[in-house]
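>
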Amino acid sequence: MLVAVLSVKGSPGVTTFSVALAARWPSPTRALLVEADPSGGDVGTRFSLESAPGLVSLAVAARRSDDPALLWQHAQVLPGGLPVVAAPPDADRARAALSALADPTTGAGVLRTAASASDSVVIVDCGRIDAGSPAMPIVRSADAMVLLTRAHADDLAHLARRLNAIGRWTAHPAMLLVGDGYSTTDVARELGVLPLGRVPHDPHGAAVLCGRPSTLRWGRSGPAHSALGQIAHKVAKVLIAEQAPAPAVPRQAPADNQPVPVLHAVPGVPANPISVNGLRLAPPPPPNMENISRGGQA
Ligand SMILES: Nc1ncnc2c1ncn2[C@@H]1O[C@H](COP(=O)(O)OP(=O)(O)O)[C@@H](O)[C@H]1O
Ligand SMILES: [Mg+2]
Numbered sequence: 007m008l009v010a011v012l013s014v015k016g017s018p019g020v021t022t023f024s025v026a027l028a029a030r031w032p033s034p035t036r037a038l039l040v041e042a043d044p045s046g047g048d049v050g051t052r053f054s055l056e057s058a059p060g061l062v063s064l065a066v067a068a069r070r071s072d073d074p075a076l077l078w079q080h081a082q083v084l085p086g087g088l089p090v091v092a093a094p095p096d097a098d099r100a101r102a103a104l105s106a107l108a109d110p111t112t113g114a115g116v117l118r119t120a121a122s123a124s125d126s127v128v129i130v131d132c133g134r135i136d137a138g139s140p141a142m143p144i145v146r147s148a149d150a151m152v153l154l155t156r157a158h159a160d161d162l163a164h165l166a167r168r169l170n171a172i173g174r175w176t177a178h179p180a181m182l183l184v185g186d187g188y189s190t191t192d193v194a195r196e197l198g199v200l201p202l203g204r205v206p207h208d209p210h211g212a213a214v215l216c217g218r219p220s221t222l223r224w225g226r227s228g229p230a231h232s233a234l235g236q237i238a239h240k241v242a243k244v245l246i247a248e249q250a251p252a253p254a255v256p257r258q259a260p261a262d263n264q265p266v267p268v269l270h271a272v273p274g275v276p277a278n279p280i281s282v283n284g285l286r287l288a289p290p291p292p293p294n295m296e297n298i299s300r301g302g303q304a
């Protein structure tokens, strides 16, 4: 399975959550993290990795071979044993590697090949994305997309304007709220889509996932026991449940004239017009709204 993790505004914790999702993916599936952020990588610096192998060496090798083992050969290993293909911190180098790797005509061939193995999941940190991002071909060929957003008015207003287009990028899009701000219920009502859950503010969990000294440790106790690790594990289980096993070919995102199939539309919430501030006008709260918020908390 190929999972794209991304934001469309700000820095809500995409890299941290991507590390958590890969680290907490249920075994026996082999998880690998690819850092495909066109603004440059952070994982290598955070974990004091060598400058190679990584995204740059992978992009060079992928020109000559589409061996499914290529991704694993260009990974380094984080303290808990998680393999990661790290992006260079320099944005120009990261963009160049991504443009070579994620050709718009061929899609993200080498990532897809590795992710199509039934015993593997490839989690891709696509950073903050827009339509012109060189990581977009990866998003479009992904089996699932996890969009992280903060839940403040400006973040949600921005998202509301783009939600219809974003929902078409991938066959299985999902939205995760991060930190405080509007409640899950309010966001569901205002956007008309149901967040998959909420990533809690968890400085200790985030620290260990960012390679900083922490009272938590990697291995069995670190990401597994942090609040961040727990929500990542839940999200992984939902993504697995929503996928047909081992898709051999990329799932097609819906065409522009087809309805968006998922993004967890809230039953009973009408498609309201967009208000001046970009948020949908709120209908009266439907009954039992809290009950349909899977894993989320207000
Ligand atoms: N859930 C969280 N709780 C507390 N701090 C977090 C959380 N997620 C990320 N952080 C912190 O926020 C900062 C930015 O996180 P990062 O994952 O690099 O964001 P992004 O990839 O969206 O730019 C890091 O210092 C990280 O430790
Ligand atoms: Mg990042």
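Numbering (this note's numbering), first residue to last: 7 to 304.
Where is the CB? At the ideal position from N, CA and C, for every residue including glycine.
Between which residues of its own chain and HIS207 is the CB-CB distance below 6 Å, once the five residues before and five after are set aside?
GLY185
> Answer yes or no: the CB of THR22 versus the heavy atoms of ligand 1, is any distance below 6 Å?
yes
> Would you kindly work out how many angstroms separate the C-alpha atoms of LEU64 and ARG195, rounded to a whole number?
LEU64 and ARG195: Cα-Cα distance of roughly 43 Å.
> Mind checking whether the beta-carbon of ASP43 lies closer than 6 Å to any heavy atom of ligand 2?
yes
> Would you grab the beta carbon distance between VAL127 and TRP31 for me? Rounded to a whole angstrom, and I think it's under 8 Å.
5 Å
> Count the other C-beta atoms from every protein chain shown that fall within 10 angstroms of the C-beta of VAL205, then say buried if there are 16 or more, exposed otherwise.
buried
> For the region 28-48 against the region 96-106, are there 3 or more C-beta pairs whose distance is under 8 Å?
yes
> At what residues does the beta strand (DSSP E) containing ALA108 begin and finish?
Careful: ALA108 lies outside any beta strand (DSSP E) and carries neither H nor E.
> Would the C-beta of PRO201 count as close to ligand 1, meaning under 6 Å from any of its heavy atoms?
The answer is no for PRO201.
> Since I believe CYS132 is in contact with VAL11 (beta carbons under 8 Å), could you give me their beta-carbon distance rounded to a whole number of angstroms?
7 Å
> Taking the alpha-carbon of LEU215 as reference, which of ARG156, THR155, GLY46 and PRO85 has the nearest alpha-carbon?
PRO85
> For a test of your reading of the model: does the CB of HIS164 fall under 6 Å from any non-hydrogen atom of ligand 1? Yes or no.
no
> Using a Cβ-Cβ cutoff of less than 7 Å, which residues in the same chain neighbour ALA277 once the five nearest sequence positions on both sides are dropped?
Note that ALA277 has pLDDT 45, beneath the 50 cutoff, so the model's placement of it is unreliable and no number is given.
> What does the alpha-carbon distance come out to for the pair ALA120 and GLY60?
15 Å
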